[in-house]
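Taking our numbering, the leading residue of the sequence shown gets 7, the next gets one more, and so forth.
Every residue, glycine too, gets a C-beta built ideally from N, C-alpha and C.
Scroll down for the structure; my scribbles are underneath it.
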Amino acid sequence: MDFQLSAEQQMFKDSVASFAQRHCADGALERAHSDDYPWQIARAMAEAGLIGITTDEVDGGVGGALMDAVIAIQEIAMVCPRSADVIQAGNFGAIRVLAQYGTPEQKERLLKPLLAGKALIAVAMTEPGAGSAVTELKTTAVPEGDGYRISGEKIFTTHGLHATVFLTYVRFGPGTGGIGSVLVERGAEGFSFGKPSRFLSGEDWNTLYFDNVSVPKENVVLGPGGFKKQIAGFNVERLGNSARSLALGRHAFGLAREHALNRRQFGQPLVNFQGLAWKFAEMKVKAEAAQLLLYKAATGADRGFPSAEDTAIAKIACNRAGFDMANEAMQIMGGTGYSEESLVEYCFRRTRGWMIAGGTIEILLNRIAESVFEQRLPIRAEA
């Protein structure tokens, strides 16, 4: 059993790290606090082949493995945490579902500009009454003519203010089997946006309203019965979440390490104090363990979709490790770490949010417990 990256993976890792230093290092702090989506970074990444890493070459992608996308998102996040969001949007979640299940026409019309860094796709899934219990969603797709009418609302949509197209979870009929997805493009008649709000992380979101929005049949990605395929795609998004969590924790760890080496108190550097040194040792252990679980989930999927159990285990480990590292880094750096003049507080806020987004820690623990006992926990109403 080899716990090291292959020669090819190491070369790719080094090339992404070099790209990050050239294109993302300058302005990293300002980018973290900007309300704008980093379109310039997105276009540079597209030119470098860092968007569509796992998308088949025939569809305009690179044709790489999921592990490559995990390596890329972590290397970018280590230099510029905000720029890692572009890797997430360009390789995990909605774009992967479109690349995997979209029609040739959808790929030509919508996937191409996404791969070029000129467009952005978002998942419109969560509703006021359907969060962790996503199968309770109410947004409907009612047949009309040669298409459907979409009615309902969505909340907490990442990149909702900037996305050009939305992979929207809808109900074609009753039960889990009636759930599928359609593509709703910004500007569609009856598709409107509520007042912008903001998470603790600094990310903006707004309510999406679908008021009898007409969607042609050509915009259906997965019809009735497609829910399991969509959730399999969502597992990939969770791995992007996991990779960023761990990478942002490592980013904060690196900043705190430099601080501990150079900051002097009581006539000596902070690193000489055993209490602080042990904090770094504990962070190192958590990071290394989480990294292996993340790699296990990513390599187990190869170029397909990862298992739900492996994803849940990796996400919990990476979420906890990333947040703990950011939290300890802030404590070590004191007022400097708590200030917006450092990226540590940004990493702290982002990693805390990922313990909720993409599947809460508690929901994922339920998923793992179900695999332990080989039965579903009685928390779901019959749909």
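Check: Anticipated Cβ contact below 8 Å, G137 with G186, distance rounded; Outcome: Rounded, the Cβ-Cβ distance is 19 Å, inconsistent with contact.
Check: Neighbourhood of R358 by C-beta, 6 Å cutoff - its chain only, sequence neighbours within 5 removed; Outcome: F329
Check: Among R250, V277 and Y154, the one whose alpha carbon lies nearest that of E81; Outcome: R250
Check: Assumed close pair W211, T164 - CB separation to whole angstroms, cut-off 8 Å; Outcome: 7 Å
Check: Helix, strand or coil at L60 [DSSP, three-state]; Outcome: Just to set this straight, residue 60 is Thr in the shown sequence, not Leu. Correct three-state label for T60: coil.
Check: Closest residue to H257 among L72, F9 and L35 (Cα-Cα distance); Outcome: L35
Check: According to DSSP, residues forming a beta bridge with T182; Outcome: In the DSSP output, where bridge partners are listed per residue, T182 has none listed.
Check: Sequence-distant residues of its chain with Cβ nearer than 7 Å to S313 (five each side left out); Outcome: G306
Check: Opening and closing residue of the alpha helix (DSSP H) in which F329 lies; Outcome: A314 to M339
Check: Paired residues, beta bridge with Y154 - DSSP; Outcome: P149 and V221
Check: Backbone secondary structure at L173 - three-state DSSP; Outcome: strand
Check: Per DSSP, the bridge partner or partners of S198; Outcome: Y215
Check: Counted within 10 angstroms of its Cβ, other Cβ atoms place W360 as buried (16 or more) or exposed; Outcome: buried
Check: Residue environment, Q16, which counts as buried when at least 16 other CB atoms sit within 10 Å; Outcome: exposed
Check: Residue burial classification, A295 (beta-carbon count within 10 angstroms, cutoff 16); Outcome: exposed
Check: For R160, the three-state DSSP class (helix, strand or coil); Outcome: In the sequence on display, residue 160 carries Lys and not Arg. Of the three classes helix, strand and coil, the one that applies to K160 here is strand, per DSSP.
Check: Of the residues F354, N241, Q271 and E111, the one placed nearest N97, counting alpha carbons only; Outcome: N241
Check: Cut-off 8 Å between Cβ atoms - residues of its own chain near S345, not counting five sequence neighbours on either side; Outcome: E351
Check: Coarse secondary structure for I101, derived from DSSP in three states; Outcome: helix
Check: Per-residue DSSP class, three states only, for P119; Outcome: helix
Check: Residue environment, T109, which counts as buried when at least 16 other CB atoms sit within 10 Å; Outcome: exposed
Check: Short Cβ contact (8 Å threshold) for S198 with D217; Outcome: yes
Check: Distance, A130 Cα to I161 Cα; Outcome: 8 Å
Check: V277 - containing beta strand (DSSP E), residue span; Outcome: No beta strand (DSSP E) contains V277, which DSSP labels as neither H nor E.
Check: R382 burial status per 10 Å Cβ neighbour count (16 or more: buried); Outcome: exposed
Check: In DSSP terms, what L267 is bridged to; Outcome: Paired residues: none, contrary to the question.
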